[in-house]
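Numbering (my numbering), first residue to last: 1 to 152.
Note that beta-carbon positions come from the ideal geometry of N, C-alpha and C, so glycine has one too.
Please read all numbers here as calculations on a predicted model, not as lab measurements.
As structure tokens, the structure follows; a few thoughts come after it.
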Amino acid sequence: RKMAGDMKLETAVAIGPHDLTDWLCEKGRFGQKAGKGIYVYGKGRGDKKLDKEVLDGVKEIQKRKGVITPREIDEKEMLERMLFPLVNEGFKILEEGMAQRPSDIDIVWIYGYGFPPVKGGPMHWADNYIGLNYLLERLRFYDNQAAERCAR
Numbered sequence: 001r002k003m004a005g006d007m008k009l010e011t012a013v014a015i016g017p018h019d020l021t022d023w024l025c026e027k028g029r030f031g032q033k034a035g036k037g038i039y040v041y042g043k044g045r046g047d048k049k050l051d052k053e054v055l056d057g058v059k060e061i062q063k064r065k066g067v068i069t070p071r072e073i074d075e076k077e078m079l080e081r082m083l084f085p086l087v088n089e090g091f092k093i094l095e096e097g098m099a100q101r102p103s104d105i106d107i108v109w110i111y112g113y114g115f116p117p118v119k120g121g122p123m124h125w126a127d128n129y130i131g132l133n134y135l136l137e138r139l140r141f142y143d144n145q146a147a148e149r150c151a152r
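So, in structure tokens, the structure goes:
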């Protein structure tokens, strides 16, 4: 419970108070060791299921705060939102001189983090499967979306 309180304080300091954190704590949903948090945990490793009570709680909080119902995100957009910033950070690493070549970054991701070797690493993947012009165009698009959302 103390750790949950600490997490709540850290979150509140960094991004403002978060109603979902309060709701989870009020319901005694402290995470895996408690057997439930956002998920309900079973006995086996990795045995977890998203709990409908949490989804209902999120919807209740959204309604109370006047949040627009989330839209569906297709697989392509999800992939772009997860991997394009990773590639962008790779370019920042190159720009800062912390790596000499894109392949240096790819090696770290393949052997250090388990990026699928068949794709050659995130930098190779972006250059050869996605195209750097498209990557830049989409990063700018998502950046503009975030700026609009934060300006509200």
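C-alpha distance - residue i paired with residue j, whole-angstrom precision
i	j	result
R1	C25	Below a pLDDT of 50, predicted positions are generally treated as unreliable, and R1, at 46, falls in that range; the measurement from the model is reported next regardless. Near 8 Å, if we compare the C-alpha coordinates of C25 and R1.
F115	K48	24 Å
G131	T21	39 Å
F30	N133	44 Å
N- and C-terminal bounds of the alpha helix (DSSP H) containing residue i
i	result
K76	E75 to E95
E26	D19 to E26
Distance CB(residue i)-CB(residue j) smaller than 7 Å
i	j	result
G97	I110	no
F91	L135	no
M82	P102	no
V58	I38	no
A126	V67	no
R140	E80	no
I107	A99	no
V40	D51	yes
Beta-ladder partner(s) of residue i, from DSSP
i	result
G31	K36
Y41	K48
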